[in-house]
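Numbering (this note's numbering), first residue to last: -6 to 249.
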């Protein structure tokens, strides 16, 4: 019995080790496919601009700016109005004129979770251990009949992101987010495609996303311009003066 238990323990350890090795190998291939770690780390800022097509037939303009280490600003413009969501590295804020809020406001916990993922400059896979994330390789899966490789990334805050990699290019073609907020689970899917090289790195120029359980409400974004190492300042992400003295305790709770 003792020998059997020792053998069983050894098999389990080897299985876990092999799974970890496979996940790390896939991450390494994904990073290489994008352009390599050196090229990734050479990028200090990114500016994106594109067109959004949403359910109902309306079209708007979208933009996103990111700056190391974890600053992000996202905009959506329609009919002369612009909505803003931004994170300065510690506090997230927004302007939502479409909801009748033209003055800056601190963001609620639900919205902060999405923005915090977007603020991760290199994404959850790069340096995942240092970020407190864990990664598992879940084997093969299919999307629309095509074979894909599936990774499960558990973020430090407990939320989960599933990565679906093309087995030929090792680039992600889909991600699924599971966010756990106040006892409920929110699931969103993002499909990625039309990859093009910008300054030595591969970026998706076609992005479709929305709730997993309601594909009819998905929105699609066609990137028209992506620039890297553009001159950005921290002031572009900074909390407006009218909010700077408020203590965003709910945001700290969202990051834990």
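C-beta atoms are modelled at their ideal positions from N, C-alpha and C, and glycine is treated no differently.
Residue 56 is bridged by DSSP to 42 and 68.
Distance from the Cα of residue 232 is smallest, within the candidate group 80, 183, 96 and 113, for 80.
If you keep only unbroken alpha helix (DSSP H) runs of at least 4 residues inside the segment 82 to 125, you get 102 to 112. With contacts defined by Cβ atoms closer than 7 Å, residue 174 and residue 103 form a contacting pair. Assignment of residue 16 by DSSP, reduced to helix, strand and coil, places it in the helix class. For residue 145, the enclosing beta strand (DSSP E) covers residues 139 to 147. Boundaries of the alpha helix (DSSP H) harbouring residue 32: 30 to 35, taken from the DSSP string.
In the three-state reduction of the DSSP assignment, residue 234 falls in the coil class, being assigned neither a helical nor a strand state.
Looking at the DSSP output, residue 213 shares a beta bridge with 46 and 201.
In the pairwise beta carbon analysis, the segment 162 to 169 is classified as touching the segment 177 to 191: at least three pairs are separated by under 8 Å. For residue 90, the closest of 228, 73, 198 and 122 by C-alpha to C-alpha distance is 73. One Cα belongs to residue 110, the other to residue 116, and the distance between them is close to 8 Å. Residues 38, 58 and 60 of the same chain have their beta carbon placed closer than 7 Å to that of residue 225, with the five preceding and five following residues left out of the count.
In this structure, the beta-carbon distance from residue 145 to residue 125 does not fall below 7 Å. About 7 Å separates the CB atoms of residue 141 and residue 160; that is less than 8 Å, so the two are in contact.
Linking residue 131 to residue 46 through their CA atoms gives a straight-line distance of about 33 Å.
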